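Undergrad: First, the structure itself, so that you have it in front of you.
Chains as they are written, first to last, in this note's numbering: chain H, 14 to 317; chain W, 69 to 312.
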């Protein structure tokens with residue numbers, strides 16, 4: 014019981030990270046119908062920018078307290094957003110109107126470019142960071158087993174919920190959100206209604222990248238080790254989460270992320286840590302076979 | 069502005085998609101307050117012309133002017149800011165937005181200020197839409213979707229309304245309702261309309277003037293009545309004078 018509760022806490026905080034990345038996949042898919050395979054690497058960039066920000070602040074002796082963490086988060090979001098914008102501008106926009114596979118291939122290329130760029134500029138070695146947020150709250154005790162809800166996990170869950178709340182308001186209540194929804198449902202018609210579709214698509218990439226940056230920062234704080242390759246696995250799992258939740262559905266992406274986080278955590282705890290990735294990818298295969306529209310996805314039935 | 073300046077002027081426009089050239093040296097104009105119709109068979113290039121006016125696709129040669137201002141090189145969203153609105157082919161209703169949200173999207177990027185007066189105007193024209201306000205666009209009938217497409221176009225208070233086959237696939241009674249609404253709009257508010265139709269009989273009766281498009285070229289033009297009386301038109305588009 015206590016053990017399961019601990020796994021639940023771990024699973025949710027991991028799932029939040031996947032969910033944040035999954036939102037970026039699903040947004041881009043919704044608006045231009047492509048899978049941005051470089052999105053996992055954008056998450057990796059976010060983690061690296063956060064690390065650099067932490068090191069700079071430590072150098073200046075200012076890496077202290079929640080304000081410093083907030084500063085790191087904002088710096089990572091801003092710089093990573095710029096990467097997202099550039100990616101779309103350089104690698105995807107010129108291919109719009111080309112055949113469907115073209116941007117997909119370009120995305121795979123950009124994924125390799127980003128990985129190699131970080132590998133060369135930052136070095137291939139694993140980057141460790143000593144924990145910035147220590148300690149936690151003892152939730153319950155069962156004999157020698159203590160259920161811990163660490164402050165980092167609280168931070169992850171709190172920040173993710175806050176970011177997702179702001180994001181939801183943005184999509185449902187602002188002109189930009191309405192433009193995004195219009196573009197998502199009919200790009201051509203949106204343009205006929207005076208919406209600058211290129212700008213809306215750019216901003217979608219910017220928002221997706223900054224959410225991935227939040228995930229990257231949280232990942233860095235929680236695990237304390239990153240390298241240029243973390244984007245691949247996290248990216249594929251977040252993609253799985255997006256597919257499980259129903260690609261194109263924003264709540265689905267968050268739900269899918271939570272489920273993948275929980276499945277992976279419980280699988281590791283009760284069956285085998287070595288096979289945790291197999292569990293996640295089996296879910297992807299099963300979803301694609303039996304539930305291709307995902308949990309909250311919609312059937313593509315439209316009246317003609 | 070003098071009344072002799074056409075509201076829309078298409079000047080020797082050639083356009084198409086990819087390797088297909090759909091329009092060849094097409095010229096036409098629409099004066100303020102007119103209803104002008106463009107008739108032609110399936111695939112003659114009628115819809116392509118309406119889309120080309122809106123900048124998608126861009127003309128390969130020729131110019132397009134709105135109230136004397138050259139809009140040829142502008143992107144679609146910028147062209148639409150010049151007082152143009154289109155109810156396009158296939159209606160293109162946002163399927164997962166309600167009727168109300170669909171209508172408001174029409175005003176969203178193109179107007180500032182309270183959209184209530186336009187909403188009232190649309191409801192007066194199509195009372196059916198008012199009953200369906202909170203229903204999703206994708207669940208409407210074909211006729212209701214067409215009303216919504218026209219209503220959404222009117223939300224931006226356009227000077228020129230482009231209509232692409234509003235009668236397509238609709239029951240005669242609904243078609244009558246929609247054409248009645250277009251006539252009313254033109255008579256009461258002076259709205260200028262460029263109407264693309266396959267139903268030549270209906271369109272030419274409604275329009276002041278008409279053009280006939282044959283495989284991407286303007287083949288004939290004249291007043292609605294004059295064109296209706298032409299034997300070639302009767303043979304080609306009106307089933308030899310027998311009501312279709």
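No residue lacks a Cβ here, since even glycine has one placed at the ideal position from N, Cα and C. Keep in mind that this is a model prediction, so the values were computed, not measured.
Given that a residue counts as buried once 16 or more other Cβ atoms are within 10 Å of its Cβ, and exposed if not, what is residue 310/H?
TA: Within the first chain, numbered from 1, the residue matching residue 310/H stands at position 297. When all chains shown are included, residue 310/H counts as buried.
Undergrad: 7 Å is my cut-off, CB to CB: does residue 110/H come that close to chain W?
TA: Indexing the first chain from 1 puts residue 110/H at position 97. Residue 110/H does not count as touching chain W.
Undergrad: Using three-state DSSP, classify residue 36/H as helix, strand or coil.
TA: Position 23 of the first chain, counted from the start, is the residue given in the question as residue 36/H. It is helical.
Undergrad: Hey, how far is the Cα of residue 304/H from the Cα of residue 227/W?
TA: Counted from its first residue, the first chain places residue 304/H at position 291. Counted from its first residue, the second chain places residue 227/W at position 159. For residue 304/H and residue 227/W, the distance between alpha carbons rounds to 48 Å.
Undergrad: Determine, for residue 258/H, whether the minimum Cβ-Cβ distance to residues of chain W falls below 7 Å.
TA: Start at 1 with the first residue of the first chain, and residue 258/H comes out as number 245. Taking Cβ atoms only, chain W never reaches closer than 7 Å to residue 258/H, which makes this a no.
Undergrad: Buried or exposed: where does residue 174/H fall if 16 or more other Cβ atoms within 10 Å of its Cβ makes it buried?
TA: Looking up residue 174/H in the first chain gives position 161. Answer is exposed; the Cβ neighbour count stays below 16.
Undergrad: In this structure, does DSSP put residue 258/H in helix, strand or coil?
TA: One-based indexing of the first chain puts residue 258/H at position 245. Note: residue 258/H maps to helix in three-state DSSP.
Undergrad: Pull out every residue of the segment 196-211 of chain H whose Cβ sits closer than 9 Å to any Cβ of chain W, in chain order.
TA: Against chain W - using a Cβ distance shorter than 9 Å - the residues of the segment 196-211 of chain H are 197, 198, 199, 201, 202, 203, 204, 205, 206, 207, 208, 209, 210, 211.
Undergrad: Between the segment 145-163 of chain H and chain B, which residues of the former have CB atoms less than 9 Å from a CB of the latter, in chain order?
TA: Of the protein chains in this structure, namely H and W, none is chain B.
Undergrad: Give a yes or no on whether the C-beta atoms belonging to residue 221/H and residue 56/H are separated by under 7 Å.
TA: Reading the first chain from its first residue, position 208 is the one you call residue 221/H. Reading the first chain from its first residue, position 43 is the one you call residue 56/H. No.
Undergrad: Is there contact between the segment 159-170 of chain W and the segment 109-126 of chain W, where contact requires at least three CB pairs shorter than 8 Å?
TA: No, the segment 159-170 of chain W is not in contact with the segment 109-126 of chain W.
Undergrad: Please name the residue, chosen from 210/W, 285/W, 103/W, 191/W, that lies closest to residue 235/W on a Cα-to-Cα basis.
TA: Walking along the second chain from the start, residue 235/W turns up at place 167. Residue 210/W is the option with its Cα nearest to residue 235/W.
Undergrad: Run through DSSP, which three-state label would residue 181/H get?
TA: Locating residue 181/H in the first chain gives position 168, where the first residue counts as 1. It is helical.
Undergrad: Grouping DSSP H, G and I as helix and E and B as strand, with all else coil, what is residue 77/W?
TA: If you number the second chain from 1, residue 77/W lands on position 9. Three-state DSSP puts residue 77/W in a strand.
Undergrad: Let's test the definition: count the other Cβ atoms within 10 Å of the Cβ of residue 93/H and tell me whether it reaches 16, buried, or not, exposed.
TA: The count along the first chain starts at 1 and reaches residue 93/H at position 80. Buried, by the Cβ-count rule.
Undergrad: Hey, how far is the Cα of residue 276/H from the Cα of residue 300/H?
TA: As a position in the first chain, residue 276/H is number 263, starting the count at 1. As a position in the first chain, residue 300/H is number 287, starting the count at 1. Approximately 14 Å, taken between the alpha carbons.
Undergrad: Could you tell me which residues DSSP puts in a beta bridge with residue 97/W?
TA: Reading the second chain from its first residue, position 29 is the one you call residue 97/W. 77/W.
Undergrad: Near residue 280/H, which residues of its chain fall below 6 Å by C-beta distance, leaving aside the five closest residues on each side in sequence?
TA: Within the first chain, the letter at position 267 stands for residue 280/H. Cβ within range, chain order: 289, 292.
Undergrad: Is it the case that the segment 126-137 of chain H contacts the segment 235-244 of chain H, given that we only count it when at least three CB pairs across the two stretches are under 8 Å?
TA: Verdict: yes, contact present.
Undergrad: Output needed for residue 109/H: all residues of its chain with C-beta closer than 8 Å, excluding positions within five of it in sequence on either side, in chain order.
TA: As a working mapping, residue 109/H is identified with position 96 in the first chain. Here the set comprises 45, 116.
Undergrad: Does the pairing of the segment 127-146 of chain W with the segment 177-195 of chain H give three or more beta-carbon distances under 8 Å?
TA: Because the criterion of three Cβ pairs below 8 Å is not met, the segment 127-146 of chain W and the segment 177-195 of chain H do not touch.
Undergrad: Using a Cβ-Cβ distance under 7 Å, would residue 57/W count as near chain H?
TA: With chain W running from 69 to 312 in the structure shown, residue 57/W is simply not present.
Undergrad: Could you check the C-alpha separation between residue 73/W and residue 81/W for me, to the nearest Å?
TA: Residue numbering aside, residue 73/W sits at position 5 when the second chain is read from its first letter. Residue numbering aside, residue 81/W sits at position 13 when the second chain is read from its first letter. Residue 73/W and residue 81/W: Cα-Cα distance of roughly 19 Å.
Undergrad: Strictly by DSSP, which residues pair up with residue 210/H?
TA: Along the first chain, one-based indexing puts residue 210/H at 197. DSSP output for residue 210/H lists no bridge partner at all.
Undergrad: With a threshold of 7 Å on Cβ separation, who are the neighbours of residue 283/W within its own chain once the five nearest residues in sequence on each side are excluded?
TA: Taking the second chain and counting its residues from 1, one reaches residue 283/W at position 215. 112.
Undergrad: What's the C-alpha gap between residue 169/W and residue 227/H?
TA: Taking the first residue of the second chain as position 1, residue 169/W is located at position 101. Taking the first residue of the first chain as position 1, residue 227/H is located at position 214. So the alpha carbons of these two residues sit roughly 32 Å apart.
Undergrad: I'd like to check one pair, residue 281/W with residue 295/W: are the Cβ atoms closer than 7 Å?
TA: Counted from its first residue, the second chain places residue 295/W at position 227. Counted from its first residue, the second chain places residue 281/W at position 213. No, they are not a contact pair.
Undergrad: For residue 223/W, which of 264/W, 200/W, 172/W, 256/W has the nearest alpha-carbon?
TA: Reading the second chain from its first residue, position 155 is the one you call residue 223/W. Comparing Cα positions, the closest option is 172/W.
Undergrad: Sorted by chain position, which residues of the same chain lie with C-beta nearer than 7 Å to residue 179/W's C-beta, five sequence neighbours on each side aside?
TA: Reading the second chain from its first residue, position 111 is the one you call residue 179/W. The residues are 224, 225.
Undergrad: Can you check DSSP and say which residues form a bridge with residue 151/H?
TA: As a working note, residue 151/H is residue 138 in the first chain. In the DSSP output, where bridge partners are listed per residue, residue 151/H has 161/H.
Undergrad: Determine which residues share a DSSP beta bridge with residue 140/H and list them.
TA: Position 127 of the first chain, counting from 1, holds the residue named residue 140/H. According to DSSP, which records beta bridges pairwise, residue 140/H is partnered with 239/H.
Undergrad: Taking only the alpha-carbon atoms, compute the straight-line gap between residue 97/H and residue 307/H and give it to the nearest angstrom.
TA: For the purposes of this step, residue 97/H is taken as the residue at position 84 of the first chain. For the purposes of this step, residue 307/H is taken as the residue at position 294 of the first chain. Answer to the nearest angstrom: the Cα atoms are 26 Å apart.
Undergrad: As a quick exercise: from 151/H, 67/H, 39/H, pick the residue whose alpha carbon is nearest that of residue 143/H.
TA: As a working mapping, residue 143/H is identified with position 130 in the first chain. Here the closest residue by C-alpha is 67/H.
Undergrad: Can you pull the DSSP bridge partners for residue 232/H?
TA: Here residue 232/H refers to the residue found at position 219 of the first chain. DSSP output for residue 232/H lists no bridge partner at all.
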